[in-house]
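In terms of UniProt numbering, the sequence shown is numbered consecutively and its last residue is 446. Ideal Cβ positions, reconstructed from N, Cα and C, are used throughout, including at glycine. This report concerns only the one structure given below.
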Amino acid sequence: MKPNKIVFAVALTVVLLTLSIFIVKDLNFHWSEVGEDKASVTINFLLPMDKGSFNKHIKIQNQLGYAENFACQVNWVNDHVCEIIVEEKGQIKGQKVQLIIDKAPTIYEKIYKEATIPIQFKTPIHIVEPIDEILISTTQSFIVKFNTPMKKEVVHKYLASDADFIIEPLKIIQNGKEIIDYTSFTFTPKQPLENDHKYILTFKKGMPSQSGVMLGENQNVVLKTDIKPIIDEVVPKSGSKWVGLYPRIIVRSKTPMEAAYIELDGELLKGELKNDYYAEFYPNYVLGAGRSYEAYVQIQAASGELSDKIPLNFTTLPLKEDRYWAEIVLGKNQEMIVYQGTQEIKRIQCSGGAPKSPTAKGTFYIKDKGDKYFSETEKEGANYWLTLSEGLRIHGMSRNEHWEIKMNVLNRLGEGQTKGNVVMREEDAFWLYNNLPLDTMVVIHP
Numbered sequence: 001m002k003p004n005k006i007v008f009a010v011a012l013t014v015v016l017l018t019l020s021i022f023i024v025k026d027l028n029f030h031w032s033e034v035g036e037d038k039a040s041v042t043i044n045f046l047l048p049m050d051k052g053s054f055n056k057h058i059k060i061q062n063q064l065g066y067a068e069n070f071a072c073q074v075n076w077v078n079d080h081v082c083e084i085i086v087e088e089k090g091q092i093k094g095q096k097v098q099l100i101i102d103k104a105p106t107i108y109e110k111i112y113k114e115a116t117i118p119i120q121f122k123t124p125i126h127i128v129e130p131i132d133e134i135l136i137s138t139t140q141s142f143i144v145k146f147n148t149p150m151k152k153e154v155v156h157k158y159l160a161s162d163a164d165f166i167i168e169p170l171k172i173i174q175n176g177k178e179i180i181d182y183t184s185f186t187f188t189p190k191q192p193l194e195n196d197h198k199y200i201l202t203f204k205k206g207m208p209s210q211s212g213v214m215l216g217e218n219q220n221v222v223l224k225t226d227i228k229p230i231i232d233e234v235v236p237k238s239g240s241k242w243v244g245l246y247p248r249i250i251v252r253s254k255t256p257m258e259a260a261y262i263e264l265d266g267e268l269l270k271g272e273l274k275n276d277y278y279a280e281f282y283p284n285y286v287l288g289a290g291r292s293y294e295a296y297v298q299i300q301a302a303s304g305e306l307s308d309k310i311p312l313n314f315t316t317l318p319l320k321e322d323r324y325w326a327e328i329v330l331g332k333n334q335e336m337i338v339y340q341g342t343q344e345i346k347r348i349q350c351s352g353g354a355p356k357s358p359t360a361k362g363t364f365y366i367k368d369k370g371d372k373y374f375s376e377t378e379k380e381g382a383n384y385w386l387t388l389s390e391g392l393r394i395h396g397m398s399r400n401e402h403w404e405i406k407m408n409v410l411n412r413l414g415e416g417q418t419k420g421n422v423v424m425r426e427e428d429a430f431w432l433y434n435n436l437p438l439d440t441m442v443v444i445h446p
């Protein structure tokens, strides 16, 4: 055989082998019928298939990367033709997916079939959330969720409203990867909305989804902006002087509040809500003596609406160099520190209230004192007691009705363990009793 004929024969053989591999692996015939959320795909593989393991080689890949909730049913017509029914089962409809047959075995050893078939479901558009009127703040973003993927520019183009919004598709994290959810869009007012005002967002008829289905009729989202919360009273009042070094700041409101905040000395503090109309604050540390502070108080409604900021300016009390005062530090290692002016003169190990009966915080003053007390109700007492404003008591070691020291209290000194009073060793309580006069300031803080 001549060389050129040999080359031709080899080339022809390669071409035929390549073609046969393609025919065996990838050549299939298929046709699809697609409804709103269900598709029937019939595939002729041209070769008899291994029906027993076929289902393991089917994959449904969502091109959007989310909401992969599908049902898949295989019905065999004969040994090489099957019908695969794919159905969207989740809340999201009208998705574009790929039906993938991945190395499905035939009855012939080492001969497999593969196919990738696109399916575009088409479903009528409707709004999933919000359905009812929603209450929002004048600056709050909110989410509108559709039942099918949409396009950002289309949503903006077909929106009619008497307010302007920045519209962005929602970004979610799935398996550590950021994915854009084109069924959900965040609406952020470009300018603050009016308080106590109703806004209607109309998505106009004809708005197309990503699948090409058009909105059949106008659909509305109704918003109601909240009233502006109103602060009724702040204690201490702005302009107050001689404020304690660890003051309790009280905020009362005329409208229900979800949160209360104060900007104090460069820090933003969140108040403790006692009820819907009352909140309390404490500083994060003992304030400086004789200092002026500028603060601002603001409350927030459940909708997120914020009140106007109310100024709170005050001056703490000065400390004379010879004046005694004390600081009780609650927490892990509880102690009382006694000062004369700014000079520390004594540290005392003590115990305040247990977690279920915590010692009150704030600035207090000694109102009374005595050498002994006994409670018939509690069947216990102590020597050398000091009573503070609001009824809080400091005293020596707790004693039982036989006037014996409760060793379990003594052995745990430094921990929170009492019903709210502050207890210490006898000799320390005796020192306080003798040295701290009435009206001595006592600051208690965490």
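Assigned exposure category for residue i - 16 Cβ within 10 Å defines buried
i	result
Met407	exposed
His395	buried
Ser238	exposed
Gln95	buried
Met214	exposed
Arg399	buried
Ile111	exposed
Residue j beta carbon less than 8 Å from that of residue i
i	j	result
Ser357	Val423	no
Ser137	Glu305	yes
Glu258	Gln334	no
Ile119	Ser32	yes
Ile231	Asp196	no
Asn147	Gln91	yes
Leu170	Phe185	yes
Asn75	Glu83	yes
residue 447	Val222	Past the boundaries of the shown model lies residue 447; the chain is included only from 1 to 446, so the question cannot be answered.
Phe70	Ile85	no
Own chain residues within Cβ distance below 7 Å of residue i, not counting five before or after
i	result
His57	Ile101, Asp102, Lys103 and Ala104
Thr139	Pro189 and Pro192
Lys320	Gly341
Phe45	Asn28, His80 and Lys113
His156	Ile167
Glu217	Lys205
Ile180	Pro169 and Lys171
Unbroken alpha helix (DSSP H) run spanning residue i, endpoints
i	result
Trp431	Glu426 to Asn435
His156	Lys152 to Lys157
Val409	Met407 to Leu410
8 Å CB neighbourhood of residue i in its chain, flanking five on each side removed
i	result
Tyr261	Leu268, Leu269, Lys270, Gly271, Val297, Gln298, Ile299 and Gln300
Phe430	Asn383, Tyr384 and Gly396
Residue range of the unbroken beta strand (DSSP E) whose run includes residue i
i	result
Phe45	Counting along the chain, Phe45 falls outside any beta strand (DSSP E), and DSSP gives it neither H nor E.
Beta-carbon contacts of residue i that lie in its chain and below 6 Å, excluding the five residues immediately before and after
i	result
Thr387	Lys367, Asp368 and Arg393
Arg291	Thr316
Asn256	Here residue 256 is Pro; the residue named in the question, Asn, does not match the sequence. Cβ neighbours of Pro256 beyond the five flanking positions: Asp276.
Asn435	none
Tyr324	Gln340, Leu436 and Thr440
Asp176	It is worth fixing the name first, because residue 176 is Gly in this sequence and not Asp. Excluding sequence neighbours, Gly176 sits near nothing in its chain.
Leu438	Ile366
Val235	Ile250
Phe22	For Phe22, the predicted structure reports a pLDDT of 46, less than 50, and the residue's modelled location is therefore unreliable. A value from the coordinates is still provided. Taken in chain order, the list of residues that qualify is empty.
Leu312	Val234, Ser238, Ala295 and Val297
Lys379	Glu401
Gly370	Trp385
Inter-residue CB distance, residue i and residue j (contact presumed, cutoff 8 Å)
i	j	result
Lys332	Ile444	So it is not a contact: roughly 16 Å between Cβ atoms.
Met150	Thr183	7 Å
Lys419	Gly353	6 Å
Phe121	Lys93	6 Å
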